[in-house]
Amino acid sequence: MTDFFKDIPAIKYEGPKSDNDYAFRHYNPDEIVMGKPMKDHLRFAAAYWHSFAWPGGDPFGGQTFERPWFSDTMEAAKLKADVAFEMFQILNVPYFCFHDADVRPEGNSFAENTKNLEEIVDCFAQKMDETGVKLLWGTANLFSNRRFMSGAATNPDPDVFAFSAATIKTCMDATMKLGGENYVLWGGREGYETLLNTDMGRERQQAGRMLQMVVDYKHKMGFEGAILIEPKPQEPTKHQYDYDVATVYGFLKEFGLEGEVKMNIEQGHAILAGHSFEHELAMARELGIFGSIDMNRNDYQSGWDTDQFPNNVPEMALAYYEVLRAGGFTTGGTNFDAKLRRQSLDAEDLILAHVGGMDACAAGLKAAAAMLDDGKLEAARNARYAGWDTDAGQTLMNSDLDGITSSVLANNINPEPISGRQERLENLVNRYL
Ligand code: XLS
Ligand code: NI
Ligand code: NI
């Protein structure tokens, strides 16, 4: 045991009336919701990068956090792992997620990076064995090091493409070795700053080819998890190719990968793309590519990906409603891609941030399950489209413009608008919160 979280107890469910900061009010892992335990619906994961690797900087100032593992040695990386697994146990999160660069010191070469990663993977394997914590997904950080400043797969320099491909392979190997349930690709620098120096055609082809190689390698190595792309419209690049779910779907189609790759959808990224979170979730469901979620919250005024811990239950209820409508998670889960505010310096802050986030998700899930169980929203939606389920509706779909025109004339079709009843539905939703 390290002394980082010294007096902080393991967090237990105490119910909505509890006055204890270190307790769950809504997250009761074994409580059955729609036929299965809450923990299996939510499949919580903690993100290594924000909680253990981020130093608290912003564009105007550097590190605010002081952590005993902030140094570039293997010893420090192992101390970081000790503390990370202590947090997973205090919170009782079943999963974690990591990038290579979060967990190992940066080496002087690809070979050294790989060696460092493999050593940490062995250490993780042992800790996972001891604690029962599992890996939701692994990924490669192809955006922080200066070599990736002009992109990874989409870099104008083929050597960077090669370095990136080799790095992805090592991260897929690490994920497989640790029994990871998904492998994620987020292309923070797969975009451009200015079209003046960018060959968009080539860059898209390079990105497509890299993704095909990832899928080929998945099959070659026998990885049974899902490959997930995490869309984001911008930041850090001015324009990112994986803009949103619909854009990525077009890209997958173009490269013949729509049956191979699913989505990891992040709340903050949906907002940056000008969508709601539930829009992106519903779009992925309808396209058959729903995979997993990165749960956080953006500041609605600043226009940045502020990665705050989620705390808005009404929004989360609508998000989990779409997750439930998609049939829930299979390999996916709820990853807290969220970080403390830079003034939240203490070990306690890290725990309480997650406790609040987990509780807000649980409350959102329960509300979503009640809405779905009750069926009033779905009944209203179905009623609105009921005309399409009639014989006439079906005939229309299989007709053509000539046939339809004759029928409009013959039946003197002259539709009267019908209310969408939005406010009634909004009132209905509020009854479950
Ligand atoms: C950044 C992304 C990143 C991915 C993993 O905005 O959310 O954290 O989830 O690379
Ligand atoms: Ni993000
Ligand atoms: Ni993310």
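Offset between the sequence shown (1-based) and our numbering: plus 203. Glycine included, C-beta positions come from ideal geometry on N, C-alpha and C. Every value quoted in this text rests on a predicted model; they were computed, and no experiment measured them.
Q. Ordered along the chain, which non-local residues of its own chain (more than five positions away) have a Cβ less than 7 Å from that of Ile371?
A. By 1-based counting over the sequence shown, the position of residue 371 is 168. Once the five neighbours on either side are set aside, the close Cβ partners of Ile371 are Ala343 and Val417.
Q. Does the Cβ-Cβ distance between Thr533 and Met498 come in under 8 Å?
A. What you label residue 533 is simply residue 330 of the sequence shown in a count that begins at 1. What you label residue 498 is simply residue 295 of the sequence shown in a count that begins at 1. Not in contact: Thr533 and Met498 (Cβ atoms no closer than 8 Å).
Q: Hey, could you find the ends of the alpha helix (DSSP H) Lys569 is sitting in?
A: As a working mapping, residue 569 is identified with position 366 in the sequence shown. Residues Ala550 to Asp577.
Q: May I ask whether a heavy atom of ligand 2 can be found less than 7 Å away from the beta carbon of His472?
A: Stepping through the sequence shown from its first residue, residue 472 is reached at position 269. Indeed, a heavy atom of ligand 2 lies less than 7 Å from the Cβ.
Q. Hey, quick one: how far does the alpha helix (DSSP H) through Pro290 stretch, first residue to last?
A. Along the sequence shown, read from residue 1 onward, the residue named residue 290 stands at position 87. Correcting the residue type first, residue 290 is Met in the shown sequence and not Pro. Start and end: Met277 to Leu294.
Q. Since His302 sits in a beta bridge, which residues does DSSP pair it with?
A. Taking the sequence shown and counting its residues from 1, one reaches residue 302 at position 99. Bridge partners of His302: Thr342.
Q. Just to confirm, does Asp508 get its C-beta within under 7 Å of one of the non-hydrogen atoms of ligand 2?
A. The count along the sequence shown starts at 1 and reaches residue 508 at position 305. Because some heavy atom of ligand 2 lies under 7 Å away, the Cβ of Asp508 counts as near it: yes.
Q. Span of the alpha helix (DSSP H) holding Phe539?
A. Working through the sequence shown from its first residue, we reach residue 539 at position 336. Where Phe539 is concerned, there is no enclosing alpha helix (DSSP H), although the beta strand (DSSP E) it sits in stretches over Thr537 to Phe539.
Q | Contact under 8 Å by Cβ, His253 with Ala550 | A | Counted from its first residue, the sequence shown places residue 253 at position 50. Counted from its first residue, the sequence shown places residue 550 at position 347. Not closer than 8 Å, so no.
Q | Extent of the continuous beta strand (DSSP E) run through Met466 | A | Against the sequence shown, residue 466 aligns to sequence position 263. From DSSP, the beta strand (DSSP E) with Met466 extends over Val464 to Glu469.
Q: Sort Ala556, Phe268 and Ala256 by Cα distance to Lys281 and report the nearest one.
A: Walking along the sequence shown from the start, residue 281 turns up at place 78. Nearest of Ala556, Phe268 and Ala256 to Lys281, Cα basis: Ala256.
Q) Comparing the CB of Gly391 with every heavy atom of ligand 1, is any distance shorter than 7 Å? A) Within the sequence shown, the letter at position 188 stands for residue 391. Under cutoff, so the answer is yes.
Q: Look at the alpha carbon of Asn501 and the alpha carbon of Gln546, and state the distance between them as a whole number of angstroms.
A: On the sequence shown, position 298 is the one that residue 501 refers to. On the sequence shown, position 343 is the one that residue 546 refers to. The alpha-carbon atoms of Asn501 and Gln546 are separated by roughly 17 Å.
Q) Excluding sequence positions up to five away, which residues of its chain have a Cβ less than 7 Å from the Cβ of Phe190? A) Any property of residue 190 remains undetermined from this structure, which presents the chain solely from 204 to 636.
Q: Check whether the Cβ of Glu384 lies closer than 7 Å to any heavy atom of ligand 1, and answer yes or no.
A: What you label residue 384 is simply residue 181 of the sequence shown in a count that begins at 1. No, ligand 1 has no heavy atom inside 7 Å of this Cβ.
Q) Given a threshold of 16 other Cβ atoms within 10 Å of its Cβ, counted over all protein chains shown, does Met486 qualify as buried or as exposed? A) In the sequence shown, the residue the question calls residue 486 occupies position 283. With 16 or more Cβ atoms within 10 Å of its Cβ, Met486 is classed as buried.
Q | Phe247 - containing alpha helix (DSSP H), residue span | A | Taking the sequence shown and counting its residues from 1, the one referred to as residue 247 is at position 44. Premise fails: Phe247 lies in the beta strand (DSSP E), Phe247 to Ala250, not in any alpha helix (DSSP H).
Q.
Pull the bridge partners of Gly260 from the DSSP assignment, please.
A. As a position in the sequence shown, residue 260 is number 57, starting the count at 1. Paired residues: none, contrary to the question.
Q. At what residues does the beta strand (DSSP E) containing Gly494 begin and finish?
A. Within the sequence shown, the letter at position 291 stands for residue 494. Element bounds for Gly494: Phe493 to Asp497.
Q. Considering Ala595, what are the terminal residues of the alpha helix (DSSP H) in which it resides?
A. By 1-based counting over the sequence shown, the position of residue 595 is 392. From DSSP, the alpha helix (DSSP H) with Ala595 extends over Asp594 to Met600.
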